[in-house]
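S.K.: Before we start, here is the structure in question, set down as structure tokens.
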Amino acid sequence: MNNAPIISFEFFPPKTAEGMAKLRTAREQLAAFNPKFFSVTFGAGGSTRDRTLETVVDIQQAGYEGAPHLSCISSDKAEIRTLLAQYQQQGIKRLVALRGDVPSGEVSAGDFRYANELVSFIREETGDWFQIEVAAYPEFHPESSSPTADLKYFKQKVDAGANAAITQYFYNADAYFRFVDQCEKSGITIPIVPGIMPIYNFTQLARFSSVCGAEIPRWLRLRLQDYGDDLASLRAFGTEVVEDLCEQLLAGGAPGLHFYTLNQAGTISSILEQLGAGEK
Ligand code: FAD
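Below you can see the structure in the form of structure tokens.
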């Protein structure tokens, strides 16, 4: 593994006490890899607002850095101001600032249209209190009109005050390296940490990927489909593929790895152990 890559893990806020207990178990297992922070997603339109806060507070109380995601699409400035004040009161110093997606059928009225407006607002309201992470898309955001436009808008978020970026997941390391090259040529110097999605289940992965614009390359899709109901073999193969991807990314200079955990630790621990991360 290269010099001290930044490792971070993402959770979603559990709905039940049982889910929270599972998350804590996963968190303790993953803590062995010395993560910089654990982030917690935020449902569209603020639907998980309280649970996101509770989950982040639980992380902070256990002695780790917690970072709430904050999506702005159907919020007004007063709501975001209140949330920022709550986060500051809890001693939270890092946010993942996003536009978010509005579920179909809902109205997207609000004071913010794009994530760069949220980043500017956070800076206006709270100065340098927060380390702000934003999203980046090596295979381009599904709504973007072109790669050039997507890069231009990504730069706007950085210029608005983002400190670092986490990417959408991908299975093609070249897409990441070429994206980082383009960013550097455009004067973007913040760390761009690849987002890593472990492979647990083909149907679920295919559904996520079609929504978020992450490509499952043909060779990988066909191999995964071929496993059918044999989940154990699919996971063993998927773990090997993701581990190779992580190795390539770190060898090529990626500053770290951000894992989409889906609140599970087993596969990710195997990957990180193979990479020689942590104290284990
Ligand atoms: P933006 O940066 O605003 O970009 C959205 C689109 O608009 C892009 O196509 C961009 O090119 C375009 N655009 C940007 N600015 C302009 C402009 N000025 N004019 C015209 N077009 C513009 N979603 C959640 O709801 N909750 C979460 O917790 C969450 N966590 C995430 C974590 C990560 C690491 C990532 C990568 C994504 C996450 N998402 C989450 C999903 C994210 O909200 C969606 O991908 C959303 O569609 C875009 O969010 P963004 O912040 O990248 O938006």
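Residue numbers (our numbering): 1070 to 1349.
Note that beta-carbon positions come from the ideal geometry of N, C-alpha and C, so glycine has one too.
Values in this document were obtained by computation on a predicted structure and should not be read as measured data.
(1) Does the distance from the CB of V1311 to the CB of I1075 come in under 8 Å?
(2) Work out the CA separation of S1189 and L1331 for me, nearest whole Å.
(3) Rank C1281, A1305, D1299 by C-alpha distance to the C-alpha of A1204 and give the top, closest one.
(4) Taking 8 Å as the threshold (C-beta atoms), are H1138 and L1092 in contact?
(5) Find out if the Cβ-Cβ distance for the pair D1170, D1145 is shorter than 8 Å.
(6) Pair every Cβ in the region 1282 to 1292 with every Cβ in the region 1232 to 1244, then say whether three or more of these pairs are closer than 8 Å.
(7) Among K1162, S1255, C1252, which has the Cα closest to the Cα of T1195?
(8) May I ask you to check if the CB of Y1240 is nearer than 7 Å to at least one heavy atom of the ligand FAD?
(9) Could you check if R1168 belongs to the surroundings of the ligand FAD, using beta carbon to heavy atom distance under 7 Å?
(10) Leaving out five residues on either side along the sequence, give the residues of the same chain with a beta carbon under 8 Å from the beta carbon of D1219.
(11) How far does the alpha helix (DSSP H) with Y1245 in it extend, from its first residue to its last?
(12) Just checking my contact of N1185 with K1226 at CB under 8 Å: how many whole Å lie between their CB atoms?
(13) Answer yes or no: do G1230 and I1201 have a C-beta to C-beta separation smaller than 8 Å?
(14) Just to confirm the assignment, what range does the beta strand (DSSP E) spanning R1182 have?
(15) So is the beta-carbon of K1224 under 7 Å away from any non-hydrogen atom of the ligand FAD?
(16) Measure the alpha-carbon distance for R1287 versus D1295 and round it to whole angstroms.
M.R.: In short, the structure shows the following:
(1) By 1-based counting over the sequence shown, the position of residue 1311 is 242. By 1-based counting over the sequence shown, the position of residue 1075 is 6. Their beta carbons are not under 8 Å apart, which means V1311 does not touch I1075 by this criterion.
(2) Here residue 1331 refers to the residue found at position 262 of the sequence shown. Here residue 1189 refers to the residue found at position 120 of the sequence shown. About 30 Å.
(3) To locate residue 1204, count along the sequence shown from 1; it is residue 135. Nearest of C1281, A1305, D1299 to A1204, Cα basis: C1281.
(4) Locating residue 1092 in the sequence shown gives position 23, where the first residue counts as 1. Locating residue 1138 in the sequence shown gives position 69, where the first residue counts as 1. In this structure, H1138 does not lie closer than 8 Å to L1092 by Cβ.
(5) Here the question's residue 1170 lines up with position 101 in the sequence shown. Here the question's residue 1145 lines up with position 76 in the sequence shown. Cβ distance not < 8 Å, so D1170 and D1145 don't count as in contact.
(6) The answer is yes - the region 1232 to 1244 touches the region 1282 to 1292, with three or more Cβ pairs under 8 Å.
(7) The residue given as residue 1195 occupies position 126 in the sequence shown. Ranking K1162, S1255, C1252 by Cα distance to T1195 puts K1162 first.
(8) Along the sequence shown, read from residue 1 onward, the residue named residue 1240 stands at position 171. Every heavy atom of the ligand FAD is 7 Å or more from the Cβ of Y1240, so no.
(9) Along the sequence shown, one-based indexing puts residue 1168 at 99. Yes, the ligand FAD has a heavy atom inside 7 Å of this Cβ.
(10) Reading the sequence shown from its first residue, position 150 is the one you call residue 1219. The answer, listed in chain order, is Y1206, F1209, H1210, S1213.
(11) Working through the sequence shown from its first residue, we reach residue 1245 at position 176. That run of the alpha helix (DSSP H) goes 1242 to 1254.
(12) Position 116 of the sequence shown, counting from 1, holds the residue named residue 1185. Position 157 of the sequence shown, counting from 1, holds the residue named residue 1226. Their Cβ separation, rounded to whole angstroms, is 4 Å, which keeps N1185 and K1226 in contact under 8 Å.
(13) Start at 1 with the first residue of the sequence shown, and residue 1230 comes out as number 161. Start at 1 with the first residue of the sequence shown, and residue 1201 comes out as number 132. A contact, by the Cβ cut-off of 8 Å.
(14) Numbered from 1 along the sequence shown, position 113 holds the residue referred to as residue 1182. Here R1182 belongs to no beta strand (DSSP E), and DSSP marks it neither H nor E.
(15) Residue mapping note: residue 1224 aligns to position 155 of the sequence shown, counting from 1. With a threshold of 7 Å, the Cβ atom of K1224 does not count as near the ligand FAD, since no heavy atom of the ligand is closer than that.
(16) What you label residue 1287 is simply residue 218 of the sequence shown in a count that begins at 1. What you label residue 1295 is simply residue 226 of the sequence shown in a count that begins at 1. Going from the Cα of R1287 to the Cα of D1295 covers about 12 Å.
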